[in-house]
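Number of protein chains: 2
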Amino acid sequence: MRTSAKEPLLRNAATLFSRSGYNAVSLRDIAKAAGVNVGSLTYHFGSKANLLREIYARHTLPMNARRLELLGEAKRISNPDERLMAILRAYVVPAFVSSSDGDGGGAEFTRMRAVLSAEGNPDAQAIIADAFDETSRTFIDALGECLGGASVEGLVWRSQFLLGALYYALINPERVTRLSNGAVDGDDREAAVNQLVEASYASFRSLAVPSTAHQNSKETIDR
Amino acid sequence: MRTSAKEPLLRNAATLFSRSGYNAVSLRDIAKAAGVNVGSLTYHFGSKANLLREIYARHTLPMNARRLELLGEAKRISNPDERLMAILRAYVVPAFVSSSDGDGGGAEFTRMRAVLSAEGNPDAQAIIADAFDETSRTFIDALGECLGGASVEGLVWRSQFLLGALYYALINPERVTRLSNGAVDGDDREAAVNQLVEASYASFRSLAVPSTAHQNSKETIDR
DNA sequence: ATCCAATTTGTACAAGTGTACAAGACATGA
DNA sequence: TCATGTCTTGTACACTTGTACAAATTGGAT
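Read top to bottom, the protein sequences are chains A and B. Just so you know, we're using my numbering here: the first sequence kicks off at -14 and counts up by one. Just so you know, we're using my numbering here: the second sequence kicks off at -14 and counts up by one.
Written as structure tokens, this is what we have:
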């Protein structure tokens, strides 16, 4: 069998979608970027919507698997504050790392999710919900266990804010560079992850009810 | 002079853009929604890009004015923590309120900004940066004054997270409802504002350096 | 009533869209 | 060598896109 152009096509499509959204990218754009003919796309994927579905299929499972794996490690930490931090990291890191084959992560894929979610593309909408809601629920439960007495409302909204912050960090990193007059590099993903984890740590931490003071080895004053 | 269809067109266009993005909405969609002919659009706006520019012109100034007005009030609060809370509220509220004519706010407009920013539309990109960067800088400065010793990096990243959270709360409120199994209403904007302000308050608050403990009337333990 | 400028309509155009499909190119097993 | 199944190409189709512009319509001032 001749080596198929399917995989390069998937990669190129994901890149273009993540950059300009679903509607703005034509099949011919994708074909041109991959150096093949338009017909190849119909041959391999049948339709544009199905191409999108295949991109999701490629990334979703490995990424959620990685998240749950890290979550499992985090759950073994007994100190609630350290556990909270580890859980947040388990959620954020796989979404940010550059997809070095097989880890299923990929900032590019996450960025694509962000863009498609904003576009409100119906195809993407349903796929995303199916693929990520269960993982999100698992994380919210784990977060709740770290935070005695935290309300469902507080937990869910903060998880929403976390995802929004995560998305926007990938969508518009230039804004960070611009607003800091170049002092901060918005494209520095390691820094972004750390900042995001710290910020959401503080935001979740504030949900804990002080009265049920669980043993806490960290500073409780300010940070 | 006959009453022009320009304003209804602007409104309809903003609604459609905020729902599906810039590319997915055709001029004919907009015309149909407003019950007029396509030609009207070329007549009034010349081009699609210019229509977008006029929508921004309509909302940007009033909205930033309202933000700065509220910021001015907030700055008169002497207690740093209460001031911090008020500043965050001054940033968030005008972006969330439904645009009841003249206040310039508008969740719909903010949602549109969110969607366009994700789409990476070059037209929108430039307009947004010009219109909002200055206001953002002013807010970041004000926040920094409440938080002794906070690093620029921390401030800018958190402002990025705040904006991302704000955007995503408007883009995908159904997720909140879904993940809470209906217990929390993602479309309840007052609740969203409160949750967002509280969450970002905690996240910014954690930036303050404990040593330079400014006088603080609030609980410093947890929340 | 008549004119006029502002607005709206209808229609046309070139360019680009997703999809379909016949024809060719290719490597592999017989 | 040749037949076969897999892939690639080129091209065609019907449709939508943004834009342009002449013709019709409108409502107020004269």
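The C-beta atom is built at its ideal place from N, Cα and C for all residues, glycine as well.
Mind checking if residue i is an interface residue toward chain B, Cβ cutoff 7 Å exclusive?
i: residue 103 (chain A); result: yes
i: residue 58 (chain A); result: no
i: residue 169 (chain A); result: yes
i: residue 12 (chain A); result: no
i: residue 201 (chain A); result: Low confidence applies to residue 201 (chain A): its pLDDT is 42, below 50, so where it sits in the model is not reliable enough to give any reading.
i: residue -3 (chain A); result: no
I'd like the span of the alpha helix (DSSP H) that includes residue i, first residue to last.
i: residue 49 (chain B); result: 33 to 60
i: residue 178 (chain B); result: 174 to 190
i: residue 100 (chain B); result: 92 to 104
i: residue 5 (chain B); result: -9 to 5
i: residue 167 (chain B); result: Segment: none, residue 167 (chain B) is in no alpha helix (DSSP H) and carries neither H nor E.
i: residue 27 (chain A); result: 23 to 30
i: residue 78 (chain B); result: 65 to 81
i: residue 10 (chain B); result: Note, residue 10 (chain B): premise wrong, no alpha helix (DSSP H); not H, not E.
i: residue 147 (chain A); result: 137 to 156
i: residue 109 (chain A); result: 107 to 131
Residue i touches chain A at which residues, Cβ-Cβ below 8 Å?
i: residue 161 (chain B); result: 141, 142, 145
i: residue 114 (chain B); result: 160, 163
For residue i and chain A, any beta-carbon pair shorter than 7 Å?
i: residue 138 (chain B); result: yes
i: residue 164 (chain B); result: yes
i: residue 121 (chain B); result: yes
i: residue 34 (chain B); result: no
i: residue 184 (chain B); result: yes
i: residue 197 (chain B); result: Since pLDDT at residue 197 (chain B) reaches only 44, below the 50 mark, its modelled position is unreliable, and the value read off the structure follows with that caveat. No - not a single Cβ of chain A is within 7 Å of the one on residue 197 (chain B).
Run down chain A in chain order and give the residues with a C-beta less than 7 Å from the C-beta of residue i.
i: residue 156 (chain B); result: 102, 103
i: residue 99 (chain B); result: 103
What residues of chain B sit near residue i, judged by a beta carbon separation below 9 Å?
i: residue 66 (chain A); result: What residue 66 (chain A) touches in chain B: nothing, since even the nearest Cβ is about 11 Å away.
i: residue 118 (chain A); result: 160, 163, 164
i: residue 5 (chain A); result: 8, 104, 105, 106
Report back the beta-carbon spacing between residue i and residue j to the nearest angstrom; my notes put them in contact at under 8 Å.
i: residue 111 (chain A); j: residue 102 (chain A); result: About 12 Å separates the two Cβ atoms, so there is no contact after all.
i: residue 49 (chain B); j: residue 120 (chain B); result: 5 Å
i: residue 99 (chain A); j: residue 152 (chain A); result: 4 Å
i: residue 33 (chain B); j: residue 12 (chain B); result: 6 Å
i: residue 18 (chain A); j: residue 1 (chain A); result: 6 Å
i: residue 40 (chain B); j: residue 92 (chain B); result: That pair is no contact at about 15 Å.
i: residue 181 (chain B); j: residue 146 (chain A); result: 6 Å
i: residue 171 (chain A); j: residue 159 (chain A); result: 6 Å
i: residue 53 (chain B); j: residue 128 (chain B); result: Residue 53 (chain B) to residue 128 (chain B), Cβ: 14 Å. No contact.
i: residue 191 (chain B); j: residue 187 (chain A); result: 3 Å
In chain B, which residues lie with their C-beta within 7 Å of the C-beta of residue i?
i: residue 148 (chain A); result: 153
i: residue 181 (chain A); result: 146
Output, in chain order, the set of chain B residues within a Cβ distance shorter than 8 Å of residue i.
i: residue 125 (chain A); result: 164
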